[in-house]
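> Below you'll find the structure I mean.
Number of protein chains: 4
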Amino acid sequence: MERATFADMVFLLHQGELPTPEKRKLLDSILISVADHGSGAPSCATSRLVASGNRQSLSAAIAAGVLAIGDEHGGAGSLCMEMIAAGIQRAAKESLPLEETAARVVAEYRERRVNLPGIGHRWHSVDPRTAVLFDQARASGLAGDGIRFISAIETAVKEKIKPLPINVDGALAAVLHDLGFPPAAGKLFFIIGRVAGLSAEVQEEYQREKAMRIRIPVVYDGVPPRSLD
Amino acid sequence: MERATFADMVFLLHQGELPTPEKRKLLDSILISVADHGSGAPSCATSRLVASGNRQSLSAAIAAGVLAIGDEHGGAGSLCMEMIAAGIQRAAKESLPLEETAARVVAEYRERRVNLPGIGHRWHSVDPRTAVLFDQARASGLAGDGIRFISAIETAVKEKIKPLPINVDGALAAVLHDLGFPPAAGKLFFIIGRVAGLSAEVQEEYQREKAMRIRIPVVYDGVPPRSLD
Amino acid sequence: MERATFADMVFLLHQGELPTPEKRKLLDSILISVADHGSGAPSCATSRLVASGNRQSLSAAIAAGVLAIGDEHGGAGSLCMEMIAAGIQRAAKESLPLEETAARVVAEYRERRVNLPGIGHRWHSVDPRTAVLFDQARASGLAGDGIRFISAIETAVKEKIKPLPINVDGALAAVLHDLGFPPAAGKLFFIIGRVAGLSAEVQEEYQREKAMRIRIPVVYDGVPPRSLD
Amino acid sequence: MERATFADMVFLLHQGELPTPEKRKLLDSILISVADHGSGAPSCATSRLVASGNRQSLSAAIAAGVLAIGDEHGGAGSLCMEMIAAGIQRAAKESLPLEETAARVVAEYRERRVNLPGIGHRWHSVDPRTAVLFDQARASGLAGDGIRFISAIETAVKEKIKPLPINVDGALAAVLHDLGFPPAAGKLFFIIGRVAGLSAEVQEEYQREKAMRIRIPVVYDGVPPRSLD
Numbered sequence: 001m002e003r004a005t006f007a008d009m010v011f012l013l014h015q016g017e018l019p020t021p022e023k024r025k026l027l028d029s030i031l032i033s034v035a036d037h038g039s040g041a042p043s044c045a046t047s048r049l050v051a052s053g054n055r056q057s058l059s060a061a062i063a064a065g066v067l068a069i070g071d072e073h074g075g076a077g078s079l080c081m082e083m084i085a086a087g088i089q090r091a092a093k094e095s096l097p098l099e100e101t102a103a104r105v106v107a108e109y110r111e112r113r114v115n116l117p118g119i120g121h122r123w124h125s126v127d128p129r130t131a132v133l134f135d136q137a138r139a140s141g142l143a144g145d146g147i148r149f150i151s152a153i154e155t156a157v158k159e160k161i162k163p164l165p166i167n168v169d170g171a172l173a174a175v176l177h178d179l180g181f182p183p184a185a186g187k188l189f190f191i192i193g194r195v196a197g198l199s200a201e202v203q204e205e206y207q208r209e210k211a212m213r214i215r216i217p218v219v220y221d222g223v224p225p226r227s228l229d
Numbered sequence: 001m002e003r004a005t006f007a008d009m010v011f012l013l014h015q016g017e018l019p020t021p022e023k024r025k026l027l028d029s030i031l032i033s034v035a036d037h038g039s040g041a042p043s044c045a046t047s048r049l050v051a052s053g054n055r056q057s058l059s060a061a062i063a064a065g066v067l068a069i070g071d072e073h074g075g076a077g078s079l080c081m082e083m084i085a086a087g088i089q090r091a092a093k094e095s096l097p098l099e100e101t102a103a104r105v106v107a108e109y110r111e112r113r114v115n116l117p118g119i120g121h122r123w124h125s126v127d128p129r130t131a132v133l134f135d136q137a138r139a140s141g142l143a144g145d146g147i148r149f150i151s152a153i154e155t156a157v158k159e160k161i162k163p164l165p166i167n168v169d170g171a172l173a174a175v176l177h178d179l180g181f182p183p184a185a186g187k188l189f190f191i192i193g194r195v196a197g198l199s200a201e202v203q204e205e206y207q208r209e210k211a212m213r214i215r216i217p218v219v220y221d222g223v224p225p226r227s228l229d
Numbered sequence: 001m002e003r004a005t006f007a008d009m010v011f012l013l014h015q016g017e018l019p020t021p022e023k024r025k026l027l028d029s030i031l032i033s034v035a036d037h038g039s040g041a042p043s044c045a046t047s048r049l050v051a052s053g054n055r056q057s058l059s060a061a062i063a064a065g066v067l068a069i070g071d072e073h074g075g076a077g078s079l080c081m082e083m084i085a086a087g088i089q090r091a092a093k094e095s096l097p098l099e100e101t102a103a104r105v106v107a108e109y110r111e112r113r114v115n116l117p118g119i120g121h122r123w124h125s126v127d128p129r130t131a132v133l134f135d136q137a138r139a140s141g142l143a144g145d146g147i148r149f150i151s152a153i154e155t156a157v158k159e160k161i162k163p164l165p166i167n168v169d170g171a172l173a174a175v176l177h178d179l180g181f182p183p184a185a186g187k188l189f190f191i192i193g194r195v196a197g198l199s200a201e202v203q204e205e206y207q208r209e210k211a212m213r214i215r216i217p218v219v220y221d222g223v224p225p226r227s228l229d
Numbered sequence: 001m002e003r004a005t006f007a008d009m010v011f012l013l014h015q016g017e018l019p020t021p022e023k024r025k026l027l028d029s030i031l032i033s034v035a036d037h038g039s040g041a042p043s044c045a046t047s048r049l050v051a052s053g054n055r056q057s058l059s060a061a062i063a064a065g066v067l068a069i070g071d072e073h074g075g076a077g078s079l080c081m082e083m084i085a086a087g088i089q090r091a092a093k094e095s096l097p098l099e100e101t102a103a104r105v106v107a108e109y110r111e112r113r114v115n116l117p118g119i120g121h122r123w124h125s126v127d128p129r130t131a132v133l134f135d136q137a138r139a140s141g142l143a144g145d146g147i148r149f150i151s152a153i154e155t156a157v158k159e160k161i162k163p164l165p166i167n168v169d170g171a172l173a174a175v176l177h178d179l180g181f182p183p184a185a186g187k188l189f190f191i192i193g194r195v196a197g198l199s200a201e202v203q204e205e206y207q208r209e210k211a212m213r214i215r216i217p218v219v220y221d222g223v224p225p226r227s228l229d
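Take a look at the structure:
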C-alpha cells in the first residue's frame with residue numbers, strides 16, 4: 001500500500017510477482033483502454049437497466065453488467081490470445097516462420113468464413129489505441145512474438161483480403177501474450193477494467209435518474225390473439 | 001413426482017407442507033400472473049441484452065434478468081404484504097376495526113407523500129386479474145384478513161383521494177398473506193414465476209436473433225471535449 | 001389464470017401452445033425432479049453464501065445460485081439432449097437402426113474417453129426417478145425416439161462396458177426430446193425448477209441464520225512469506 | 001493511456017476530473033487494501049463455487065462473487081461514510097465541535113445497540129492499514145473532516161466503552177470522504193478493488209482445480225421422513 005499501485009496489485013494477483021515499471025505501465029494502458037465505452041455498450045446498458053428496476057443493490061447492477069461480457073462483447077481479446085498462442089506454438093512445432101504461419105491461419109479462417117479476432121474496426125481504418133500500446137511495448141523492450149504474430153496476421157490480411165487494422169482487442173491480446181498471460185486474461189482484464197466504468201454508470205444512474213425510467217420499446221410479432229381453450 | 005404438480009412442490013418447499021387443492025390453485029394463479037409481461041419489462045430486457053453480448057451462458061442471461069427485480073420492479077407485492085401485515089397487527093394491538101386502521105394508514109401514507117403499494121394502475125381503472133384472484137380465494141373459503149384489509153384500503157382511498165383499483169401486486173399480496181406466507185414471499189414468488197418468462201425470452205433470443213443486435217441509443221450530455229493535462 | 005396451471009404456462013411460453021394434460025403431467029414431473037437436491041449442491045450453497053454476505057437483495061442471492069448452473073452442474077440434461085438429437089438424426093441420415101447407432105455412439109465416446117451424459121449414478125444402480133418418468137411417458141403414449149435412443153444407449157453400455165442406469169438427467173433429456181423441446185431446454189427447465197428450491201433456501205437463510213455465518217475454511221498453499229521489494 | 005494510470009481513470013470516471021498525484025496515491029492504496037482477503041471471504045468463496053459448477057463463463061463466476069458484497073460483507077465502508085457525512089453535517093447545523101458530536105453519536109449507537117461501522121477488529125487491537133492510509137493523507141495535506149470525525153469517534157469509544165481501533169473500513173471511509181466522494185463510493189470502490197481478487201481466484205480455479213470439486217457438507221435438521229399423502 002505504501003509504494004505499489006493498483007495495477008501492481010492486479011499483476012501480482014495474477015502472476016504471483018510484482019511487475020517491472022514498464023510492465024505495470026502496459027497493464028495500466030490496457031485497463032484504461034477497456035474501462036468505458038459509453039452507456040450504449042451491452043455491459044453498461046445492462047447495469048443501468050438493473051439499477052432502474054432494483055435500487056436496493058449496487059452489487060446487483062454491477063454484477064449484471066459483468067454478465068453481459070462474453071465472447072461477443074469484450075471477449076475478442078481472449079479469442080485473439082488463443083489464436084496467437086496456437087499460431088506461435090504451431091510455428092515452433094512445424095518449424096515455420098511466424099509470417100508463413102500467419103498466412104496459413106488467415107487462409108484457414110477465410111475458408112471457414114470465421115472473422116479473425118482482433119482484426120478490423122467498424123469505423124476506423126487505423127485504431128489509434130493500437131499504436132499507443134505497441135509503441136509502449138516496443139519502447140520498453142517488451143514486444144515479443146505476440147506483437148510479431150498479430151502484425152504478421154495484419155500483413156497477410158492486407159495481401160489476401162484488404163487492408164484492415166489491428167483493433168484494440170488485437171492489440172491488448174498481443175501485449176498480454178507478451179507479458180506472459182494465458183488467453184483467459186483477455187476476458188479477465190476486460191472485466192477488471194470495465195467494472196470501473198460500470199461503477200461510474202451505476203453511480204450516475206442512482207444519483208441523477210429516477211427508478212423505472214428506462215423503457216425499451218418492443219413490437220410484438222408473434223401469433224395474433226387467439227383462444228387457448 | 002407421481003401425483004404432485006410443480007405448484008405443490010413450490011408450496012411444500014416454502015411452507016413444509018403440501019397445499020390443499022384450493023391453495024394450490026391460488027398459487028398457480030399467482031405464478032401465472034407474474035410469469036411474463038412483455039419483452040420491454042426491465043427483467044426481460046436485461047435478459048435479452050445479456051444474451052446479446054454473452055452467448056456462452058443461458059444461466060448468465062436469466063440471472064441478470066433476476067437482478068433487475070427489486071422494490072421498483074416486481075417488488076410491490078412484498079411492500080404491500082408488509083403494509084398488510086403491519087396493518088392487521090396494529091388493528092389487533094390497538095383494538096381497532098380493520099376499516100378504521102386502513103383509513104389511518106391511507107392518511108399517513110398521504111401525509112408522507114408515499115404511494116400505497118398495490119393500489120392504482122397506469123392504464124386500467126379495474127385490474128381484471130384482481131377479480132380472478134379474489135373470486136378464487138372467496139370461492140374456496142381462503143379469503144381472510146389480507147383480502148379484507150386491502151379492500152378496506154381501496155375503500156379509504158376512494159373516499160379520501162379518488163377511486164383507484166387494487167392492482168395485481170396488491171391482489172397477490174393479499175392472497176399470499178391469507179395463504180400464510182411472510183412478506184418476502186411477494187418478491188420470491190414473483191421471481192419464481194418470472195424466471196419462466198425470462199427463460200422463454202432467452203430461448204427466443206438465442207434461436208432467432210444475432211448476437212450484439214441490441215444497440216441502446218445514448219446521447220452524451222456531460223462536459224464538452226477538453227484536455228485533461 | 002382460471003383454469004391453467006403454472007406448468008401449462010411454462011409450456012405455453014416455450015412452445016407457443018398449451019400442453020395436453022399428459023404433456024403437462026410430464027413437465028410437472030420434470031420440474032419437480034430438479035427443484036431441490038439439498039443445501040450442499042453448488043447452486044444452493046452459492047445462494048446461501050450470497051445471502052450470508054449481502055442481506056439487502058433476495059434477487060442477488062437467487063441470481064448467484066443460477067450462475068452456478070453450467071455444463072457440470074445441472075447441464076447434463078442439455079448435453080444428453082444434444083447426444084440424443086444428433087443420434088436420431090444420424091440414424092435417419094445413414095439409414096441405421098437406433099440400436100446400431102447407439103452402439104456406435106457408445107464406442108466413440110469410449111474411444112474419446114468422454115463420459116456419456118445421462119448415464120450412470122454415483123450411488124444408485126437404478127435411478128428410481130427414471131422409471132417414474134418413463135412409465136408416465138409410456139402410459140400416455142408420449143414415449144418416442146428420445147426414450148428409445150437413450151434406452152438403446154443403456155443397452156449398449158451394458159454390453160460393452162458394464163451395467164449403468166439411465167440417471168435423472170438422461171431420463172428428463174429423453175422425455176423433453178419426445179415432448180418436442182430443443183437441447184437448450186435441458187438447462188432452461190433445470191433452472192426454472194431449481195429456482196423454486198433456491199428461493200426456499202434463501203427464505204430459510206434470511207429467517208433463521210445470522211449474516212456472515214458461513215465461513216469456508218481455506219488452507220493457503222502458495223509461496224511462503226517474502227519481500228516484494 | 002500514455003501517461004495516466006488505472007487509478008487516474010477510476011477517479012476520472014467517478015469525479016469527472018483527473019486526480020492530483022497525491023489523491024491518486026490514496027486511491028491506489030484504498031483499491032489495494034480491499035483487493036483480496038483470502039479464498040474464505042464470502043465473495044471469493046462464491047466465485048470459486050460458481051467456477052466449480054459452471055465452467056463456461058468467467059463472467060458468471062466473477063459476477064456471483066460481486067453479488068456476495070452487501071452491507072455485511074464489504075459494505076462497512078459505505079455505512080461508515082454515511083455516519084461520517086451525517087455527523088459532519090450535524091456538527092455544522094447544530095454549531096457543535098466535531099468531538100462533541102462524535103460523543104453524542106457514540107452514545108446514540110450504544111443506546112440503539114448498533115455496532116459503530118468502521119470501529120473495532122476481530123483480531124487486531126490496532127489495524128496497521130489505518131495508519132498507512134492516514135499517514136499518506138496527512139503527509140499530502142488531504143486529511144480533512146472525515147479523518148477528524150472518525151478519530152473523534154475512536155476517542156469517544158475509548159472513553160465510554162473501551163479502546164477499539166479504527167479498522168480498514170473506517171479508514172477508507174474517512175479518506176474517501178476527504179477525497180470528496182459520496183457514501184456509495186465505499187461500496188463501489190470495494191467492488192472495483194475486489195474484482196481484481198475475484199479474477200485471480202477464478203483464474204486459479206479454472207487452471208488448477210477440477211469442476212465440481214467443492215462439496216459443502218450439510219446436516220439436515222428439518223422434519224423427519226414422512227408421508228406427504
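Residue numbers (my numbering), protein chains in the order written: chain A, 1 to 229; chain B, 1 to 229; chain C, 1 to 229; chain D, 1 to 229. Think of the CB as a built atom: it goes at the ideal place given N, C-alpha and C, for glycine as much as any other residue.
List the residues of chain B whose Cβ lies closer than 7 Å to the Cβ of A/M81, in chain order.
Taking the first sequence and counting its residues from 1, the one referred to as residue 81 of chain A is at position 81. Within 7 Å Cβ-Cβ: nothing; A/M81 doesn't reach chain B, min ~16 Å.
> Spatial neighbours of C/A171 within its chain, please: C-beta separation below 6 Å, excluding the five flanking residues on both sides.
For the purposes of this step, residue 171 of chain C is identified with residue 171 of the third sequence, where counting begins at 1. Within the same chain, C/A171 has close Cβ partners T130, L133.
> Identify the continuous alpha helix (DSSP H) that holds B/F181 and give its terminal residues.
The residue labelled residue 181 of chain B in the question sits at position 181 within the second sequence. Taken as a continuous stretch (DSSP letters only), B/F181 belongs to no alpha helix (DSSP H), as it is neither H nor E.
> Any beta-carbon of chain B closer than 9 Å to the one on A/N167?
To locate residue 167 of chain A, count along the first sequence from 1; it is residue 167. Not one chain B Cβ lies under 9 Å of A/N167.
> Do C/S140 and C/A174 come within 9 Å of each other at the CB atom, strictly closer than that value?
The residue given as residue 174 of chain C occupies position 174 in the third sequence. The residue given as residue 140 of chain C occupies position 140 in the third sequence. No. Outside cutoff.
> Can you list the residues of chain B that C/G197 reaches, using a CB-CB cut of under 8 Å?
Residue numbering aside, residue 197 of chain C sits at position 197 when the third sequence is read from its first letter. Chain B residues near C/G197: L13.
> For A/V34 versus A/R194, is the C-beta distance shorter than 9 Å?
Here residue 34 of chain A is taken as the residue at index 34 of the first sequence, counted from 1. Here residue 194 of chain A is taken as the residue at index 194 of the first sequence, counted from 1. Taking 9 Å as the Cβ cut-off, A/V34 and A/R194 qualify as a contacting pair.
> What are the start and end residues of each continuous alpha helix (DSSP H) run of 4 or more residues lying completely inside the segment 22-103 of chain A, in chain order?
List check, alpha helix (DSSP H) in window: 42-53, 58-67, 76-93.
> Compare the C-beta of C/Q56 against all C-beta atoms of chain A and say whether one is closer than 9 Å.
Here residue 56 of chain C refers to the residue found at position 56 when the third sequence is read from its first residue. Output row for C/Q56: interface = yes.
> Based on the DSSP output, what are the partners of D/F166 in its beta bridges?
Translated into positions along the fourth sequence, residue 166 of chain D becomes position 166. The amino acid at residue 166 of chain D is misidentified as Phe; the sequence shows Ile. In DSSP, D/I166 forms a bridge with D/I119.
> Distance cutoff 9 Å, beta carbons only. Does B/L67 sit that close to anything in chain D?
The residue given as residue 67 of chain B occupies position 67 in the second sequence. Answer yes: the Cβ-Cβ gap between B/L67 and chain D drops below 9 Å somewhere.
> Since A/M212 is in the alpha helix (DSSP H), which residue starts that stretch and which ends it?
Position 212 of the first sequence, counting from 1, holds the residue named residue 212 of chain A. Segment: none, A/M212 is in no alpha helix (DSSP H) and carries neither H nor E.
> Looking only at its chain, what residues have a beta carbon closer than 7 Å to the beta carbon of D/I84, apart from the 5 residues adjacent to it on each side?
In the fourth sequence, counting from the first residue as 1, residue 84 of chain D sits at position 84. Excluding residues within five positions, the ones whose Cβ falls inside 7 Å are G146, F149, I150, A173, A174, H177.
> B/A60 and D/S59: beta carbons closer than 9 Å?
As a position in the second sequence, residue 60 of chain B is number 60, starting the count at 1. As a position in the fourth sequence, residue 59 of chain D is number 59, starting the count at 1. Going by C-beta atoms, B/A60 is nearer than 9 Å to D/S59.
> Could you spell out where the alpha helix (DSSP H) holding A/E154 opens and where it closes?
Position 154 of the first sequence holds residue 154 of chain A. Residues 145-160.
> Determine, using beta carbons only, whether A/S39 comes closer than 9 Å to chain D.
Within the first sequence, residue 39 of chain A is the residue found at index 39, counting from 1. Chain D contact via Cβ: absent.
> What is the DSSP secondary structure of A/R138, reduced to helix, strand or coil?
As a first step, residue 138 of chain A must be located in the first sequence, where it is residue number 138. DSSP places A/R138 in helix when its eight states are reduced to three.
> Which residues mark the beginning and the end of the alpha helix (DSSP H) in which C/L12 is found?
Within the third sequence, numbered from 1, the residue matching residue 12 of chain C stands at position 12. Run containing C/L12: 6-15, per the alpha helix (DSSP H) assignment.
> Excluding the 5 residues preceding and the 5 following D/P97 in the sequence, name in chain order all residues of the same chain whose CB lies nearer than 8 Å to its CB.
Residue mapping note: residue 97 of chain D aligns to position 97 of the fourth sequence, counting from 1. Closer than 8 Å at Cβ, skipping near neighbours: A91.
> For a cutoff of 9 Å on Cβ pairs, would you count D/S59 as touching chain B?
By 1-based counting over the fourth sequence, the position of residue 59 of chain D is 59. Yes, because at least one Cβ of chain B sits closer than 9 Å to the Cβ of D/S59.
> Please look up how many angstroms separate the CB atoms of C/D36 and C/G144, rounded, as I've assumed it's under 8 Å.
The sequence position of residue 36 of chain C within the third sequence is 36, counting from 1. The sequence position of residue 144 of chain C within the third sequence is 144, counting from 1. With 8 Å as the limit, C/D36 and C/G144 do not qualify as a contact, their Cβ atoms being about 29 Å apart.
> Sorted by chain position, which residues of the same chain lie with C-beta nearer than 6 Å to C/G74's C-beta, five sequence neighbours on each side aside?
By 1-based counting over the third sequence, the position of residue 74 of chain C is 74. Cβ within range, chain order: F190.
> Should the segment 151-170 of chain A be called in touch with the segment 153-160 of chain D, which here means at least 3 C-beta pairs below 8 Å?
Touching, no.
> Looking at D/A41: is its Cβ nearer than 9 Å to the Cβ of A/V66?
In the fourth sequence, the residue the question calls residue 41 of chain D occupies position 41. In the first sequence, the residue the question calls residue 66 of chain A occupies position 66. Contact: no.
> Taking just the CA atoms, how far does A/D221 sit from B/Q203?
As a first step, residue 203 of chain B is located in the second sequence; it is residue number 203 there, counting from the start. As a first step, residue 221 of chain A is located in the first sequence; it is residue number 221 there, counting from the start. Straight-line Cα distance between these residues: approximately 16 Å.
> Run through DSSP, which three-state label would D/L19 get?
What you label residue 19 of chain D is simply residue 19 of the fourth sequence in a count that begins at 1. Before going on, a small fix: residue 19 of chain D reads as Pro here, not Leu. Reduced to three states, the DSSP call for D/P19 is coil.
> Between C/C80 and C/G186, which are expected to be in contact by the criterion C-beta below 8 Å, what is the C-beta distance as a whole number of angstroms?
Within the third sequence, the letter at position 80 stands for residue 80 of chain C. Within the third sequence, the letter at position 186 stands for residue 186 of chain C. Sure, about 7 Å apart at Cβ, within 8 Å.
> With DSSP collapsed to three states, give me the class of C/P128.
Translated into positions along the third sequence, residue 128 of chain C becomes position 128. Helix, per DSSP.
> In angstroms, rounded to a whole number, what distance separates the CA positions of B/G38 and C/M9?
Stepping through the second sequence from its first residue, residue 38 of chain B is reached at position 38. Stepping through the third sequence from its first residue, residue 9 of chain C is reached at position 9. Distance between the alpha carbons of B/G38 and C/M9: 14 Å.
> Is B/D178 close to chain A? Criterion is C-beta to C-beta, closer than 9 Å.
Taking the first residue of the second sequence as 1, we reach residue 178 of chain B at position 178. Not an interface residue.
> Rounded to whole angstroms, what's the CA-CA distance from B/A126 to A/R226? Just pull it up for me.
Counting from 1 along the second sequence, the entry for residue 126 of chain B is found at position 126. Counting from 1 along the first sequence, the entry for residue 226 of chain A is found at position 226. Sequence inspection shows Val at residue 126 of chain B; the Ala mentioned does not correspond to that position. Approximately 23 Å, taken between the alpha carbons.
> Taking only beta-carbon atoms, is B/P182 less than 9 Å away from chain C?
Walking along the second sequence from the start, residue 182 of chain B turns up at place 182. Yes, its Cβ sits closer than 9 Å to a Cβ of chain C.
> Tell me whether the beta-carbon of D/D28 lies closer than 9 Å to the beta-carbon of A/A4.
In the fourth sequence, residue 28 of chain D corresponds to position 28, counting from 1. In the first sequence, residue 4 of chain A corresponds to position 4, counting from 1. The answer is yes: Cβ separation under 9 Å.
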